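One structure below.
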Amino acid sequence: LFQSHNWADWEETKKSYELYARFVMPHFANTNRNRQDSYNGLESAIDKLESEREKGAAAAFKAWEDKTGRKAT
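See below:
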């Protein structure tokens with residue numbers, strides 16, 4: 157996937173190599189598979205997770221209000 161022509165200056169060529177190593181190589185080596193699977197799982201469950209988070213926050217506010225007698229703001 158690389159062919160060096162020495163047309164660009166060394167700093168730009170080095171930056172290109174670094175970008176290749178950072179983004180292209182992990183894709184083909186499958187080293188980001190677990191991260192991508194985790195992201196996909198979260199993406200498919202986000203609505204349920206947000207609903208559960210909101211219920212939990214509401215319960216925590218209510219418990220605090222019941223304990224202190226003051227309204228949570």
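According to this note's numbering, the sequence shown is numbered sequentially starting from 157.
Positions of the beta carbon are idealized from the N, C-alpha and C atoms, including for glycine.
Quick caveat, the model's predicted, so the values are computed rather than measured.
For residue i, I'd like the list of residues in its chain whose CB is within less than 6 Å of its CB, leaving aside the five on either flank, ordered along the chain.
i: A216; result: none
i: R226; result: none
At which residues does the alpha helix (DSSP H) containing residue i begin and terminate?
i: T224; result: R189 to T224
i: F184; result: M181 to A185
i: K170; result: W166 to L175
Given this structure, state the Cα-to-Cα distance separating residue i from residue j, to the nearest angstrom.
i: K204; j: G197; result: 12 Å
i: E208; j: Y176; result: 40 Å
Just to confirm my understanding: we take residue i, look at its own chain, exclude 5 residues before and 5 after, and list those with CB closer than 7 Å. What are they?
i: F184; result: none
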